[in-house]
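2 protein chains.
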Amino acid sequence: MTNQAENKSLQKLANLQRQHKGLINLMPLQTGGMLTDAAKKALTEFGDGYSVCDFCEGILCNVTNPPIRDFVQELLPQFLGSEVATITHGAREAKFMVMHSLAEPGNSILVDGNRHYTTVVAAERAGLNIIEVPNSGHPEFRVDVNEYAQLIRKHTPKLILLTYPDGNYGNLPDAGKLGGIAQEYNIPYVINGAYAVGRMPISMEEIGADFIIGSGHKSMASAGPAGVLGMKRKWEETVLRKSGKYSKKEIELLGCTIRGVPLITLMASFPYVKERVKNWDEQVSKAQWFSAELEELGFKQLGEKPHRHDLLHFDAPVLYEISKRVRERGYFLYKELKERGIWGPQPGLAKSFKLSTFAADRQQLGFVIDSFKSILNKYS
Amino acid sequence: MTNQAENKSLQKLANLQRQHKGLINLMPLQTGGMLTDAAKKALTEFGDGYSVCDFCEGILCNVTNPPIRDFVQELLPQFLGSEVATITHGAREAKFMVMHSLAEPGNSILVDGNRHYTTVVAAERAGLNIIEVPNSGHPEFRVDVNEYAQLIRKHTPKLILLTYPDGNYGNLPDAGKLGGIAQEYNIPYVINGAYAVGRMPISMEEIGADFIIGSGHKSMASAGPAGVLGMKRKWEETVLRKSGKYSKKEIELLGCTIRGVPLITLMASFPYVKERVKNWDEQVSKAQWFSAELEELGFKQLGEKPHRHDLLHFDAPVLYEISKRVRERGYFLYKELKERGIWGPQPGLAKSFKLSTFAADRQQLGFVIDSFKSILNKYS
């Protein structure tokens with residue numbers, strides 16, 4: 019790197035600004051992770067490194083000032099419907115922790131065909147074979163949990179995992195029925211609720227799962243990266259096992275995990291998040307209305323219908339046709355929407371696109387629908 | 019949890035405030051992690067979950083807006099004296115990544131007796147045996163790197179690790195000499211520089227190490243948790259190996275690590291951090307002067323003398339004697355210092371205490387010395 023290039027790079031770091039500020043946000047990864055005012059305040063209050071650890075006596079989750087202990091040991095298990103809870107760097111790190119604790123290299127695990135890519139990568143990191151329950155394919159991509167039973171008998175996996183909902187189609191498979199199957203075969207059952215916990219009511223106990231995983235930055239109005247992991251008490255000694263040399267320190271957490279700002283925003287937003295899941299019916303109704311309006315424009319909603327989640331995926335052949343003949347290619351949709359104050363579909367994709375209606379109200383979504391109409395008119 | 023208890027817990031989350039604001043900060047874990055103004059600004063700019071990922075095309079370290087690619091692929095390797103660099107959740111997570119990639123369960127690794135507890139816990143998580151090169155014991159606790167050679171021959175460890183400096187005494191063993199030993203025996207050599215990288219000049223290449231690890235929240239003016247990992251290019255395929263199913267995704271990073279605010283503060287503070295390491299001589303001189311002044315008061319500095327780092331550890335029998343006869347017991351020192359606007363020694367400890375002079379200037383340290391004098395007078 020030349021001196022000149024270095025200086026240029028350093029200058030860019032002096033004033034980091036986000037381009038997507040103040041836009042109507044429909045980005046599926048982001049709509050559940052927007053900070054509350056309380057979280058924004060906590061962010062600056064505890065910004066300095068290790069400032070959440072002022073009064074640590076050796077265990078992060080036991081710190082009483084700020085009230086981490088209350089949050090992790092009381093509020094979180096109640097919210098998750100779990101007997102025990104802890105905090106993690108994110109959903110993927112929680113999945114790895116559980117896999118690494120319950121299975122040995124060479125073992126198999128059984129997951130749904132709509133699983134997030136990190137489920138596969140976490141299994142690879144733990145040296146595990148992945149068996150997948152296929153989805154039903156285009157256009158609904160449904161996962162039928164009844165298919166787990168046969169594959170459990172065939173492969174005797176060390177655990178089963180269900181993505182609820184998946185991030186691609188926003189499908190909600192029958193998690194409760196899979197709980198019954200897991201109990202029948204006495205096999206540990208992990209719910210990856212990265213897009214459920216903090217958005218919609220969900221209870222590990224009611225589902226009959228052994229583990230429930232949530233994502234702070236995806237669905238709990240938290241800065242990233244942050245995750246939560248709930249479990250039955252019987253797994254505490256396995257997953258939260260202590261070091262042989264340091265009796266306070268949990269091995270899978272390497273002593274402690276989110277020792278900083280992501281934790282404080284997770285905590286500060288929690289009272290709001292706990293309330294907002296009660297509005298889930300309206301969220302679903304809003305998503306269904308929006309989806310119907312976009313289908314009127316010629317887009318085709320993939321995934322379950324009627325849809326029961328704010329994550330929406332549309333096939334959009336008409337946009338693809340436009341992208342083939344315009345200068346901006348696949349970026350034209352991103353550009354057109356951004357000019358109208360809307361941010362959502364990933365830049366560069368136009369054959370199909372994903373949106374989330376979670377953070378926008380009906381008036382904003384009405385404006386989004388009108389914007390799609392005017393974009394289609396402009397290029398038709 | 020009763021409704022009343024729950025409401026009380028939720029209320030506590032509504033207004034999270036840090037007690038140790040605006041104090042002279044001597045807390046060893048914190049003095050290198052205080053945010054710059056640029057980092058404070060970036061914190062709110064990129065506070066929302068996943069906002070650093072607006073323009074991600076599949077690899078966090080390739081994102082150009084904000085300029086993560088420049089930072090990780092150009093600036094960071096140059097700063098670390100490494101050929102390749104990446105970002106991690108922290109130093110402990112970097113240690114685990116390297117151990118998990120280079121060694122198999124049942125293998126041994128060789129580390130210094132002053133290693134951080136997380137070195138042990140990371141090894142336990144990876145299923146490794148730990149062999150330790152003992153330190154010289156009280157009062158200097160020195161590690162003689164010559165002792166590695168014999169233990170390498172005896173145990174054929176998969177890697178060796180040196181803590182430089184250690185967090186307990188601030189000792190700086192002869193890292194360069196160990197580089198020669200590592201090369202002689204052709205054994206991968208990891209420098210844990212959690213208290214070096216970002217405080218003092220350090221170069222993996224000059225030391226002759228294979229890996230160098232730093233901590234954002236401990237020493238790089240970053241929010242927590244954040245870490246950096248530099249390595250020789252020959253280790254890239256091992257430690258940063260890609261998923262078999264997702265060719266862009268690094269297995270040990272589970273796809274990506276600090277996807278949020280800790281990364282943005284690490285980047286925003288970097289230009290300042292890069293400059294501040296040039297003032298290291300003054301930092302050392304300040305620490306030596308402060309240490310000599312405290313020894314005048316009857317405290318005994320442990321670790322190397324003359325001391326070459328801002329981390330200081332003092333035996334303080336006189337404080338212990340006081341703590342036995344006052345109402346606050348071991349907390350009296352914390353309370354007395356806090357009343358004077360000083361925060362540093364861990365609450366509850368008085369037999370010995372640790373301080374860091376890194377963040378305070380000479381005038382502030384003069385006030386700290388006077389405060390210790392007046393506390394000793396008060397109770398004598």
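As they're listed, the protein sequences go chains A and B. Residue 19 is where the first sequence starts when you use the numbering used here, and the numbers rise one by one after that. Residue 19 is where the second sequence starts when you use the numbering used here, and the numbers rise one by one after that. The C-beta atom is built at its ideal place from N, Cα and C for all residues, glycine as well.
C-beta neighbour in chain A for residue i, strict 7 Å
i	result
residue 19/B	yes
residue 331/B	no
residue 254/B	no
residue 54/B	no
residue 101/B	no
residue 68/B	yes
residue 248/B	no
residue 311/B	no
residue 279/B	yes
residue 285/B	yes
residue 353/B	no
Under 7 Å between C-beta atoms of residue i and residue j
i	j	result
residue 57/A	residue 237/A	no
residue 258/A	residue 268/A	yes
residue 214/A	residue 182/A	yes
residue 166/A	residue 151/A	yes
residue 279/A	residue 61/A	yes
residue 188/A	residue 321/A	yes
residue 243/A	residue 107/A	yes
residue 177/A	residue 208/A	yes
residue 117/B	residue 270/B	no
residue 112/A	residue 245/A	yes
residue 349/B	residue 365/B	yes
residue 126/A	residue 173/A	yes
residue 248/B	residue 103/B	yes
residue 256/A	residue 119/A	yes
residue 42/B	residue 310/B	no
Coil, strand or helix - residue i by DSSP
i	result
residue 176/A	coil
residue 158/B	coil
residue 93/A	helix
residue 129/A	strand
residue 341/B	helix
residue 297/B	helix
residue 235/B	helix
residue 163/A	coil
residue 105/A	strand
residue 45/A	coil
residue 142/B	helix
residue 352/A	helix
residue 290/A	helix
residue 320/B	coil
residue 314/B	helix
residue 187/A	coil
Min CB distance residue i to chain B below 7 Å
i	result
residue 362/A	no
residue 477/A	In this structure chain A extends from 19 to 398, so residue 477/A is not present and cannot be described.
residue 139/A	yes
residue 48/A	yes
residue 242/A	yes
residue 374/A	no
residue 264/A	yes
residue 348/A	no
residue 92/A	yes
residue 327/A	no
residue 152/A	no
C-alpha distance - residue i paired with residue j, whole-angstrom precision
i	j	result
residue 369/B	residue 148/B	30 Å
residue 221/A	residue 81/A	26 Å
residue 169/B	residue 73/B	49 Å
residue 250/B	residue 141/B	21 Å
residue 39/B	residue 48/B	12 Å
residue 374/A	residue 132/A	18 Å
residue 399/A	residue 206/A	There is simply no residue 399/A to check, as chain A begins at 19 and stops at 398 in what is shown.
residue 184/A	residue 190/A	7 Å
residue 319/B	residue 334/B	9 Å
residue 86/B	residue 240/A	21 Å
query: Counting pairs of Cβ atoms below 8 Å between the stretch 46-64 of chain A and the stretch 30-47 of chain B, do you hit three or more?
result: yes
message: Using a Cβ distance threshold of 8 Å, determine whether the stretch 63-83 of chain A contacts the stretch 229-236 of chain A, with at least three qualifying pairs required.
response: no
- prompt: Any contact of the stretch 349-369 of chain A with the stretch 288-297 of chain A, i.e. 3+ C-beta pairs under 8 Å?
  reply: no
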